[in-house]
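> Going by UniProt numbering, the first residue of the sequence shown is number 1, and it counts up by one from there.
All C-beta atoms, glycine included, are put in the ideal place defined by N, C-alpha and C.
This one's a predicted model, so the numbers in the text were calculated from it and none came from an experiment.
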Amino acid sequence: MNVKQQSKKDPSSAQAGVGLLHKAFEILNLFQIAHADWSQGEIIEQTGVSRSTVSRLVRYLVETGYLAEIPKTGRYTLGMAAINLGQRAEAAFDLKSFCQPALEELSALTDETILLTAFDRHAQTAVCIDQIEGERGGLRVFEKIGASFPLHAGAAPRVILAALPRKEQDVYLAKELVAYTAYTFISPDKIRDDIKQIEREGFCTSIEETYLGAAGMAACFTGPDNYPVGSIAIAFPLHNMDDIKKNNIGIKMTKIAEGLSKKLKA
Numbered sequence: 001m002n003v004k005q006q007s008k009k010d011p012s013s014a015q016a017g018v019g020l021l022h023k024a025f026e027i028l029n030l031f032q033i034a035h036a037d038w039s040q041g042e043i044i045e046q047t048g049v050s051r052s053t054v055s056r057l058v059r060y061l062v063e064t065g066y067l068a069e070i071p072k073t074g075r076y077t078l079g080m081a082a083i084n085l086g087q088r089a090e091a092a093f094d095l096k097s098f099c100q101p102a103l104e105e106l107s108a109l110t111d112e113t114i115l116l117t118a119f120d121r122h123a124q125t126a127v128c129i130d131q132i133e134g135e136r137g138g139l140r141v142f143e144k145i146g147a148s149f150p151l152h153a154g155a156a157p158r159v160i161l162a163a164l165p166r167k168e169q170d171v172y173l174a175k176e177l178v179a180y181t182a183y184t185f186i187s188p189d190k191i192r193d194d195i196k197q198i199e200r201e202g203f204c205t206s207i208e209e210t211y212l213g214a215a216g217m218a219a220c221f222t223g224p225d226n227y228p229v230g231s232i233a234i235a236f237p238l239h240n241m242d243d244i245k246k247n248n249i250g251i252k253m254t255k256i257a258e259g260l261s262k263k264l265k266a
């Protein structure tokens, strides 16, 4: 009789366990690039979780390596266990294969070059990880696989910047911004105005910001936490801009990016 009772799951106990797990993830999700360290008091204020529960969960997360205490400060950062988990997840997820159908769908709409970028959170850059080169005659635009650009320079990176939380945008824009050409957006006010336009239209357009004579359009896709994962983009010679606009490629590209976001969140 005792054995049977012990083998049965107590529904209330299971629900409590799920609730505690939810609170643990809520704490871990506070640790972002723009706010990398937190005190227990700040965690309590931000989450509304009780002091005793926060204390117990933080102690457990430190013991398991998912948080690390900064000596003599009473503040915490993500620990090596969290970093290793992220690295394993990144290695196991093949973003190129996942996005290949979307790239092919976008490629079918135009003969221009299609690019896939991944957001490098640590370096705050957009990294080109795949492309389908355009087959249009005459001048063509393409990018080197592995090339990276800061988040303010060009359509593919800036559409990622636009998807970041406002606080992280402000931290990024407070830095000194590098210009690749005379047309690179380096004014924080100008970039903020462009972000507002991206939020309205769903895509970003850039003209000669990274290479003279080249233009681009890009749309961002996000993960389960609504944080940017990367962007899909079209790169083309500037003289083809009218054809791109006429065919509403930006709107169509935005819908394809939204489809990627939905699949990542499914």
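(1) Between the Cα of ALA81 and the Cα atoms of SER206, LEU95, LEU61 and ALA218, which residue gives the shortest distance?
(2) Quick check: what's the CA-CA separation for ALA257 versus HIS239?
(3) Whole angstroms is fine: what's the gap from TYR211's alpha carbon to ILE145's?
(4) When we look at the beta-carbon of ILE251 and count the other beta-carbons within 10 Å, is it buried (16 or more) or exposed?
(5) Straight-line CA distance for PRO150 to GLY79?
(6) Comparing C-alpha positions only, which one of ILE132, ILE191 and TYR172 sits nearest to ALA155?
(7) If distances are taken between C-alpha atoms only, which option among ASP243, LEU57 and VAL18 comes closest to GLY216?
(8) For ALA162 versus GLU209, is the C-beta spacing smaller than 8 Å?
(9) Would you mind listing the beta strand (DSSP E) stretches within the segment 6-87 that are 3+ residues and don't spill past its ends, in chain order?
(10) Secondary structure at LEU139, three-state DSSP: helix, strand or coil?
(11) Looking at the secondary structure, which residues open and close the beta strand (DSSP E) in which ILE160 lies?
(12) Count the C-beta pairs between the segment 167-174 and the segment 34-48 that are closer than 8 Å, then say yes if the count reaches three, no if not.
(13) Using alpha carbons as the reference points, say which of ASN84, GLU26 and LEU85 lies closest to VAL58.
(14) To the nearest angstrom, report how far apart LYS255 and ARG75 are at their CA atoms.
(15) Under 8 Å by Cβ, that's how I've got SER231 and CYS220 pegged, so tell me the actual separation to the nearest angstrom.
(16) Classify PRO224: buried if its beta carbon has 16 or more other beta carbons within 10 angstroms, exposed otherwise.
(17) Start and end of the beta strand (DSSP E) containing LEU264?
(18) My output table needs one value for ASP120: the three-state DSSP class, helix, strand or coil.
Judging by the given coordinates:
(1) Among SER206, LEU95, LEU61 and ALA218, the Cα nearest to that of ALA81 is on LEU61.
(2) Straight-line Cα distance between these residues: approximately 25 Å.
(3) Straight-line Cα distance between these residues: approximately 16 Å.
(4) Answer is exposed; the Cβ neighbour count stays below 16.
(5) When only Cα atoms are considered, PRO150 and GLY79 end up about 26 Å apart.
(6) In terms of Cα proximity to ALA155, the closest of ILE132, ILE191 and TYR172 is ILE191.
(7) For the residues ASP243, LEU57 and VAL18, the minimum Cα distance to GLY216 belongs to ASP243.
(8) For the 8 Å CB-CB criterion, ALA162 and GLU209 do not form a contact.
(9) Fully enclosed beta strand (DSSP E) runs of no fewer than 3 residues occupy 67-70 and 75-78 of the segment 6-87, in order along the chain.
(10) Note that LEU139 scores a pLDDT of 49, beneath 50, so its modelled location is shaky and nothing firm can be said.
(11) Counting along the chain, no beta strand (DSSP E) covers ILE160; the unbroken alpha helix (DSSP H) around it starts and ends at 155-163.
(12) Touching, per the Cβ criterion.
(13) For the options ASN84, GLU26 and LEU85, the alpha carbon positioned closest to that of VAL58 is the one of GLU26.
(14) A direct Cα-to-Cα measurement between LYS255 and ARG75 gives close to 42 Å.
(15) Indeed, because the Cβ distance is near 5 Å, the residues count as touching under 8 Å.
(16) So PRO224 ends up on the exposed side.
(17) For LEU264, no beta strand (DSSP E) run applies; the uninterrupted alpha helix (DSSP H) run containing it begins and ends at 249-265, by DSSP.
(18) The answer is strand: DSSP assigns ASP120 an E or B state.
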